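> The opening position of the sequence shown corresponds to residue 14 in the numbering used here, with each subsequent residue numbered one higher.
Just so you know, even glycine gets a beta-carbon here, dropped at the ideal spot from N, CA and C.
Being a predicted model, the structure only gives us computed values, none of them experimental.
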Amino acid sequence: MFTNLKPQPADKILQLIQMYREDPRDTKIDLGVGVYKDATGNTPVMRAVKSAEQKIWEDQTSKAYTGLAGDPAFGDAMVSLVLGNAVDRDAVAAVATPGGTGAIRQALELIKMSNPDATVWISNPTWPNHPSIIKYLGMKMGEYRYFDSETRGVDFDGMIEDLSNIPAGDVVLLHGCCHNPTGANLTLAQWAEVIAVLQETNAIPFVDIAYQGFGDGLEEDAAAVRMIASEMPETIIAASCSKNFGIYRERTGVLMAVSQDKALRDLTQANLAFLNRQNYSFPPDHGARIVSTVMGDDALAAEWKAELEEVRLNMLALREQLASELQRLSGSDRFAFIGQHRGMFSRLGATPEQVEMLRKDHGIYMVGDSRLNIAGLNAETIPVLAKAIIDCGI
Ligand code: LMR
14 MFTNLKPQPA
24 DKILQLIQMY
34 REDPRDTKID
44 LGVGVYKDAT
54 GNTPVMRAVK
64 SAEQKIWEDQ
74 TSKAYTGLAG
84 DPAFGDAMVS
94 LVLGNAVDRD
104 AVAAVATPGG
114 TGAIRQALEL
124 IKMSNPDATV
134 WISNPTWPNH
144 PSIIKYLGMK
154 MGEYRYFDSE
164 TRGVDFDGMI
174 EDLSNIPAGD
184 VVLLHGCCHN
194 PTGANLTLAQ
204 WAEVIAVLQE
214 TNAIPFVDIA
224 YQGFGDGLEE
234 DAAAVRMIAS
244 EMPETIIAAS
254 CSKNFGIYRE
264 RTGVLMAVSQ
274 DKALRDLTQA
284 NLAFLNRQNY
294 SFPPDHGARI
304 VSTVMGDDAL
314 AAEWKAELEE
324 VRLNMLALRE
334 QLASELQRLS
344 GSDRFAFIGQ
354 HRGMFSRLGA
364 TPEQVEMLRK
374 DHGIYMVGDS
384 RLNIAGLNAE
394 TIPVLAKAII
404 DCGI
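#1: In chain order, which alpha helix (DSSP H) runs of at least 4 residues are fully inside the stretch 240-296?
#2: Is His354 helix, strand or coil when you go by DSSP?
#3: Count Cβ pairs between the stretch 73-88 and the stretch 230-247 that sit closer than 8 Å; are there 3 or more?
#4: What residues in its chain sit with their C-beta under 8 Å from that of Ala205, if we drop five residues either side in the sequence?
#5: One question on the structure: do His375 and Ala401 come within less than 7 Å of each other, judged by their Cβ atoms?
#6: Less than 6 Å between the CB of Gly47 and some heavy atom of the ligand LMR, yes or no?
#7: Cutting at 6 Å between CB atoms, please list the residues of its own chain near Arg302, excluding the five before and the five after it.
#8: Following the continuous beta strand (DSSP E) through Pro111, name the residue where it begins and the one where it ends.
#9: Identify whether Arg347 lies in helix, strand or coil by the three-state DSSP scheme.
#10: Cutting at 7 Å between CB atoms, please list the residues of its own chain near Gly151, excluding the five before and the five after it.
#11: Is DSSP giving Ile217 helix, strand or coil here?
#12: By how many angstroms is the C-alpha of Gly196 removed from the C-alpha of Gly344?
#13: Three Cβ pairs or more, each shorter than 8 Å: is that satisfied between the stretch 332-341 and the stretch 117-132?
#14: What first and last residue would you give for the alpha helix (DSSP H) that runs through Ser145?
#15: Whole alpha helix (DSSP H) runs in the stretch 303-389 with 4 or more residues, listed along the chain?
#16: In three-state terms, what does DSSP make of Asp101?
#17: Could you tell me whether any non-hydrogen atom of the ligand LMR is closer than 6 Å to the CB of Asn257?
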């Protein structure tokens with residue numbers, strides 16, 4: 014049987030990790046996978062997370078199963094973190110999932126169960142795992158314009174034009190904040206226009222929010238998804254705790270489905286529980302429990318928010334330093350977009366050849382589409398990167 018298997022394409026982001034590991038140069042710089050690193054290159058366990066783990070270790074008396082939807086306290090904490098008071102808690106079906114990717118996968122399966130003919134529309138470009146899972150599930154897929162490679166901002170006119178042509182019942186996958194891979198984001202006024210178009214076409218928004226707190230702040234980053242959920246009849250949301258709680262390997266995420274009707278909400282909740290049962294039965298609990306422990310304790314929640322804010326401001330400072338170093342070296346403002354982008358990533362706009370040159374000649378690793386992880390930089394590597402960018406003619 015195994016002889017029938019075919020080699021699978023390597024994931025471009027994960028492949029980079031391997032190449033970086035194998036590079037013997039001690040001057041190498043890793044700007045690949047989206048993992049936060051502090052100035053020493055470490056991905057720290059957040060203080061509030063450590064305290065919560067200690068509390069769990071001390072207080073937990075059983076590791077019996079939770080429920081198919083996960084621990085309700087986690088669902089409540091995440092609905093409140095992502096949606097605030099934008100919608101009634103009663104309007105939201107929510108299940109814990111293994112990471113944000115698990116939530117995306119379950120969301121797509123839910124869409125497929127409900128409407129196997131639906132096309133899922135993704136931004137061009139998007140996180141490579143989006144199209145990969147959609148294709149793997151045999152679903153129809155389309156792209157809407159998103160990035161303007163001249164300005165390195167959002168091609169908003171193109172986006173609106175493409176969204177206007179999406180048929181009713183199709184699904185539009187949107188990045189709630191901190192667009193991955195470009196770092197280019199919509200303003201709130203632009204989000205309002207997107208919502209108006211979705212209301213007009215009756216397409217269904219599916220929001221992936223994996224970087225809440227990494228852009229303009231915890232509340233600010235949730236503003237778009239809140240607006241969408243409160244104004245659309247149905248919204249699907251996949252949220253990840255990997256980045257904002259720094260619990261990547263604990264695989265902690267949540268899938269939420271917002272409907273304005275209690276009976277529909279119950280039906281959706283039951284279908285999500287069914288899907289969890291089919292795919293992995295009970296979702297993982299440890300990371301979810303860390304999140305609900307932090308969020309359920311005022312002091313821990315305040316500590317977590319303060320540390321997350323430090324992380325956000327660090328990345329913002331790195332952006333500004335890189336933009337100003339590039340301005341100095343290039344004598345132009347053509348890299349100002351780096352300071353305007355938000356989140357962990359910026360798409361530089363380099364050619365694949367230039368990206369390869371950065372890797373081969375300078376030991377600088379970024380994804381082939383020239384997405385760089387800002388958090389992989391520090392005060393010492395910024396001038397090195399900036400010089401290499403200019404040397405490679407970017
Ligand atoms: C990324 O885009 O680098 C992260 O979301 C990590 C991943 O799994 O790709």
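The answer reads as follows:
#1: 275-292
#2: His354: coil per DSSP, three-state reduction.
#3: Output reads no: the stretch 230-247 does not touch the stretch 73-88.
#4: Met240
#5: yes
#6: yes
#7: Ile69
#8: Here Pro111 belongs to no beta strand (DSSP E), and DSSP marks it neither H nor E.
#9: coil
#10: So the list is empty, once near-sequence residues are dropped.
#11: strand
#12: 23 Å
#13: no
#14: 142-149
#15: 311-343, 350-353, 365-375
#16: Annotated three-state conformation of Asp101 is coil, per DSSP.
#17: no
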